[in-house]
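Report on the structure given below.
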Amino acid sequence: MDVAPRPPDRGAFGRALGALIPAVPFLWLTFFFLIPFVIVFKIALSEPATAQPPYRPVFDLSFGLEGLSEALSQLSFYNFSLLFEDSLYFSSFISSLRIAAVSTVLLLAIGFPIAYAMAKAPERWRPTLLMLVILPFWTSFLIRVYAWIGILKPEGLLSALLINLGLIGEPLQIMNTDTAVFIGIVYSYLPFMVLPLYATLEKFDYNLLEAAEDLGCPPLRAFWRITVPLAMPGILAGCLLCFIPVVGEFVIPDLLGGSETLMIGRTLWSEFFSNRDWPLASAVAVVLLVLLVGPIVAYRDIEARRWEKAK
Amino acid sequence: MSMAVDGRRRGSLAIGAVRRDFAPWADPAATPFIRFERVTKRYGDVAAVADLSLDIFEREFFCLLGPSGCGKTTLMRMLAGFEAASEGRIVLAGQDLSGVPPYRRPVNMMFQSYALFPHMSVERNIAFGLEQDRLPKAEITERVVEMLRLVQLEPFARRRPAQLSGGQRQRVALARALAKRPKVLLLDEPLGALDKKLREETQFELMDLQVKLGMTFLVVTHDQEEAMTMADRIAVMDHGRIVQVATPGEIYEQPASRYVAEFIGDVNILEGKVSEAGEGRCTLAVADAPASVSVAGVAEPLKPGQEVALALRPEKLVLTHEAPPAGTPNVFAGTVWDIGYLGDWTIYLVRLASGRTLRVSRANATRFVERPLSWDDEVFVHFAPEAGVVLTR
Numbered sequence: 002m003d004v005a006p007r008p009p010d011r012g013a014f015g016r017a018l019g020a021l022i023p024a025v026p027f028l029w030l031t032f033f034f035l036i037p038f039v040i041v042f043k044i045a046l047s048e049p050a051t052a053q054p055p056y057r058p059v060f061d062l063s064f065g066l067e068g069l070s071e072a073l074s075q076l077s078f079y080n081f082s083l084l085f086e087d088s089l090y091f092s093s094f095i096s097s098l099r100i101a102a103v104s105t106v107l108l109l110a111i112g113f114p115i116a117y118a119m120a121k122a123p124e125r126w127r128p129t130l131l132m133l134v135i136l137p138f139w140t141s142f143l144i145r146v147y148a149w150i151g152i153l154k155p156e157g158l159l160s161a162l163l164i165n166l167g168l169i170g171e172p173l174q175i176m177n178t179d180t181a182v183f184i185g186i187v188y189s190y191l192p193f194m195v196l197p198l199y200a201t202l203e204k205f206d207y208n209l210l211e212a213a214e215d216l217g218c219p220p221l222r223a224f225w226r227i228t229v230p231l232a233m234p235g236i237l238a239g240c241l242l243c244f245i246p247v248v249g250e251f252v253i254p255d256l257l258g259g260s261e262t263l264m265i266g267r268t269l270w271s272e273f274f275s276n277r278d279w280p281l282a283s284a285v286a287v288v289l290l291v292l293l294v295g296p297i298v299a300y301r302d303i304e305a306r307r308w309e310k311a312k
Numbered sequence: 040m041s042m043a044v045d046g047r048r049r050g051s052l053a054i055g056a057v058r059r060d061f062a063p064w065a066d067p068a069a070t071p072f073i074r075f076e077r078v079t080k081r082y083g084d085v086a087a088v089a090d091l092s093l094d095i096f097e098r099e100f101f102c103l104l105g106p107s108g109c110g111k112t113t114l115m116r117m118l119a120g121f122e123a124a125s126e127g128r129i130v131l132a133g134q135d136l137s138g139v140p141p142y143r144r145p146v147n148m149m150f151q152s153y154a155l156f157p158h159m160s161v162e163r164n165i166a167f168g169l170e171q172d173r174l175p176k177a178e179i180t181e182r183v184v185e186m187l188r189l190v191q192l193e194p195f196a197r198r199r200p201a202q203l204s205g206g207q208r209q210r211v212a213l214a215r216a217l218a219k220r221p222k223v224l225l226l227d228e229p230l231g232a233l234d235k236k237l238r239e240e241t242q243f244e245l246m247d248l249q250v251k252l253g254m255t256f257l258v259v260t261h262d263q264e265e266a267m268t269m270a271d272r273i274a275v276m277d278h279g280r281i282v283q284v285a286t287p288g289e290i291y292e293q294p295a296s297r298y299v300a301e302f303i304g305d306v307n308i309l310e311g312k313v314s315e316a317g318e319g320r321c322t323l324a325v326a327d328a329p330a331s332v333s334v335a336g337v338a339e340p341l342k343p344g345q346e347v348a349l350a351l352r353p354e355k356l357v358l359t360h361e362a363p364p365a366g367t368p369n370v371f372a373g374t375v376w377d378i379g380y381l382g383d384w385t386i387y388l389v390r391l392a393s394g395r396t397l398r399v400s401r402a403n404a405t406r407f408v409e410r411p412l413s414w415d416d417e418v419f420v421h422f423a424p425e426a427g428v429v430l431t432r
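Here the protein sequences come in this chain order: A and P.
For the first sequence, position 114 (counting from the first letter as 1) is numbered 115 according to my numbering, and the numbering increases by one without interruption.
For the second sequence, position 31 (counting from the first letter as 1) is numbered 70 according to my numbering, and the numbering increases by one without interruption.
Encoded structure:
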């Protein structure tokens, strides 16, 4: 009779360690995501106060259980209903989603050809190209966005260049507009689009395109029927990696955008720091999170189905 | 040409497996279906294909055979349209293919990697080419069913390529390439990814299919057995040139050069010098032989004193314990150096007095042998004058 080989006994410590390793991400998420989120959510249910901390009620365990239940009864969803009543918040959300959506489309349109060219480049060049894509990360994000002010402002480099080339007569007025915000976002987030796309396209079997052509499919149609569907995991990953952080982006609209560039990150910032209305700012943060969970869940769902199919 | 014919049919003798009703290449009036006309393909300074001309006839099962890097794949890819010839032209059914993109050529290719579309089911893969032609839906469905039946994959129509075995994938690739009923089917190492048993079965299936469909097949392979089994004619390639185009039988029994003789099958090559040359026969002085060697069935004119090579196939050598009767030509004495028993064949390595080893093979036609050969036995090897091939190149 065959006896299945038994795994070597690793001892009690080994077993405990083995059980602990899968728990690490859960512990991490519990301490650095779930608990902070509960705190923020609780603040969102409080009301602002001129105090330290600037909201009421504050849980104080020294009042005992009674004090706790009293504090709990003071919590309300007032801040959330305020978000829906005041059109500022609603239009901030919509505007953020719009800017994020447009940026993602722009990023995809620019990132795809770059990733494709990288994947088609001779193998010995690829590590260098990959390095070049990652290189901007070696400088502070903030400095890079600041640098764009010097380029985009009316007396900046871009206007000077275009005027000297005779392409325009007057300085460009794009600083402090949505255009500047789009430029900043596309510049800053391009690596996040290119890297997942490159990862997918690098594994792509270009024989498939030859096979498609051989079967009578012109190259452009083959691109849509073969390349795009097979690059979809990379496209989705790249779009999510860009879309989600861009929705909550604060630095770029703050530095490059004008007063009319409405984004939820800026709204949140001004509630928090200018108005010192922590509860309302927290409510904005909670709604933002809920909004972004939607696409993440959808993505996970699509990926799960893909795995299912591949089996 | 006449020499090759001489070589093939000496009197009533013929060589190889002969398909009596099909030999358009021997008919001077026949029009070739595919013509490579002085085609050269250069990559930088390297010529992958060098000034190559080749005619292939309709309904022919043609094999391009050669080691990797000999240019056979480049030649096929030029016909498919993936590479453009640097010089020369390719004509298919009277149409010059220069400048015609792959998607407009009436040829289809079965890729070595199969290149099945992983995101499409088997039937969608097969339908792909038909959809490009914008055939009516009903016809596409009908054609797909027909193809699935042809390759016996009906139960797998809705599977993805990843869910199929290697052999099944090979058949999907075949069905997909056949679905458009191309004028020529190109097969790039079609059986390379299959295991030995399946490869053999599939060889015969491909041959049947080709006859049934009446299609022209062009196969690229580095596997001589595959080429020998399937092809009507084989072109042996080396360094971008064709060194011989002939039927498998001719390639084996009448190789045009030492390269061909050594590439196809096993062979003993002995260096020699022509001492006497006559009509179709000659006598050679071979260093390894005690006496002069006489050869018959010589295809090329020879001059006395000419340096030549004598090619001897192992199975055409006769191995005996006793000395052959006096007057037997071409006798060598030696000892059995090594024996390889393969079941159907036994290979003997016989060391001659000169120190050179001859490879002799013997079919194990009977189960029991009265006096088996063993290591270090003193033996005699002889061969008939017709068994040797004199090679001048």
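Glycine is no exception: its CB is placed at the ideal position from the N, C-alpha and C atoms.
Fair warning: this is a prediction, and the values are worked out from it, not measured in the lab.
Taking DSSP as the reference, what is the three-state secondary structure of Y207 of chain A? Correct three-state label for Y207 of chain A: coil.
Quick check on D327 of chain P: buried or exposed, where buried means 16 or more other Cβ atoms within 10 Å of its Cβ? Note on D327 of chain P: 16 or more other CB atoms within 10 angstroms of its CB, so buried under the neighbour-count rule.
Mind checking if G217 of chain A is an interface residue toward chain P, Cβ cutoff 9 Å exclusive? With 9 Å as the cut-off, G217 of chain A counts as an interface residue toward chain P.
Who are the near neighbours of E361 of chain P in its chain, counting only those whose CB is closer than 8 Å to its CB and skipping five residues on each side? The answer, listed in chain order, is F419.
Should L155 of chain P be labelled buried (16 or more other beta-carbon atoms within 10 Å of its own) or exposed? Answer is buried; the Cβ neighbour count reaches 16.
Which residues mark the beginning and the end of the alpha helix (DSSP H) in which E193 of chain P is found? Looking at the DSSP string, E193 of chain P is not in any alpha helix (DSSP H), and its letter there is neither H nor E.
Continuous alpha helix (DSSP H) stretch holding E292 of chain P: start and end: Per DSSP, E292 of chain P belongs to the alpha helix (DSSP H) from 287-292.
Per DSSP, which one or two residues make a beta bridge with C321 of chain P? Paired residues: P:A316, P:V334.
Over the uninterrupted beta strand (DSSP E) stretch that includes W376 of chain P, give me the two end residues. 370-380 is the extent of the beta strand (DSSP E) around W376 of chain P.
When you check each C-beta in the segment 101-122 of chain A against every C-beta of chain P, which residues fall closer than 8 Å? Going along the segment 101-122 of chain A in chain order, one finds no residue with a Cβ nearer than 8 Å to chain P.
Same chain, Cβ closer than 7 Å to G319 of chain P, five either side skipped, listed in chain order: Closer than 7 Å at the Cβ level, and outside the excluded window around G319 of chain P, lie A335, G336, V337.
Who are the Cβ neighbours of K342 of chain P in its own chain at under 7 Å, not counting the five residues just before and after it? Listed in chain order, the non-local C-beta contacts of K342 of chain P below 7 Å within the same chain comprise V313, A316, local neighbours out to five positions each way being set aside.
Return the residues of the segment 229-245 of chain A that lie within a Cβ-Cβ distance of less than 8 Å from chain P, sorted by chain order. Listed by position along the chain: P230, L231.
Give the DSSP bridge partners of H421 of chain P, in chain order. Per DSSP, P:V357, P:V370.
If you follow the alpha helix (DSSP H) that E67 of chain A is in, where does it begin and where does it stop? Counting along the chain, the alpha helix (DSSP H) containing E67 of chain A begins and ends at 65-75.
Name the residue from A:L216, A:I175, A:S189 whose alpha carbon lies nearest to the alpha carbon of E261 of chain A. Restricting attention to A:L216, A:I175, A:S189, the CA atom closest to the CA of E261 of chain A is found in A:I175.
So which residues on chain A does Y142 of chain P lean against when the C-beta distance must stay under 7 Å? Those are E214, G217, C218, P219, listed as they occur along chain A.
Could you give the C-beta distance for L198 of chain A and G239 of chain A, rounded to a whole number, given that I count them as a contact under 8 Å? About 5 Å separates the two Cβ atoms, so the contact holds.
Could you pull the DSSP bridge partners for G311 of chain P from this structure? Its beta-bridge partners are P:V325, P:V347.
Please confirm whether R222 of chain A has its beta-carbon closer than 9 Å to some beta-carbon of chain P. Taking CB atoms only, R222 of chain A has a neighbour in chain P less than 9 Å away.
Chain-order list of residues whose beta-carbon lies under 6 Å from that of M194 of chain A (same chain, five-residue window excluded): Excluding positions up to five away in sequence, the list reads L108, G112, G239, C243.
M254 of chain P vs R98 of chain P beta-carbon contact at 9 Å: In this structure, M254 of chain P lies near R98 of chain P, with their beta-carbon atoms less than 9 Å apart.
Going along the chain, which residues of the segment 157-172 of chain P sit with their C-beta nearer than 8 Å to a C-beta in chain A? Listed in sequence order: P157, H158, F167, G168, Q171, D172.
Return the residue from the list P:L213, P:Y142, P:R188, P:A123 that minimises the CA-CA distance to R1 of chain A. Given that chain A is displayed from residue 2 to residue 312, the structure contains no residue 1 of chain A and the question cannot be resolved.
Start and end residues, alpha helix (DSSP H) containing E185 of chain P: According to the DSSP assignment, E185 of chain P belongs to the alpha helix (DSSP H) that extends over 176-189.
For L217 of chain P versus M186 of chain P, is the C-beta distance shorter than 9 Å? Contact flag set, yes.
Could you give the distance in angstroms between the alpha-carbon of N164 of chain P and the alpha-carbon of F183 of chain A? Taking the straight line joining both Cα atoms gives about 41 Å.
At a Cβ threshold of 9 Å, is I303 of chain A touching chain P? With 9 Å as the cut-off, I303 of chain A does not count as an interface residue toward chain P.
Tell me which same chain residues have a C-beta within less than 8 Å of the C-beta of M42 of chain P, skipping the five on either side of it? Residue placement at M42 of chain P is poorly supported in this model, since its pLDDT is 39, which falls under 50; the coordinates still yield a value, given next. Counting only Cβ-Cβ distances below 8 Å, and skipping sequence neighbours, we find A338, E339.
Exposure of E171 of chain A, with buried meaning 16 or more beta-carbon neighbours within 10 Å: So E171 of chain A ends up on the exposed side.
Using a Cβ-Cβ cut-off of 9 Å, state whether R47 of chain P counts as contacting chain A. For R47 of chain P, the predicted structure reports a pLDDT of 43, less than 50, and the residue's modelled location is therefore unreliable. A value from the coordinates is still provided. Cβ-Cβ to chain A under 9 Å: no for R47 of chain P.
DSSP three-state assignment for Y298 of chain P, whether helix, strand or coil: Helix.
Identity of the residue in P:E417, P:A68, P:L226, P:T385 nearest Q249 of chain P by Cα: When only C-alpha atoms are compared, the closest one is P:L226.
Tell me the DSSP bridge mates of Q283 of chain P? BP columns for Q283 of chain P point to P:V275.
Could you give the DSSP three-state label for C102 of chain P: helix, strand or coil? Strand at C102 of chain P.
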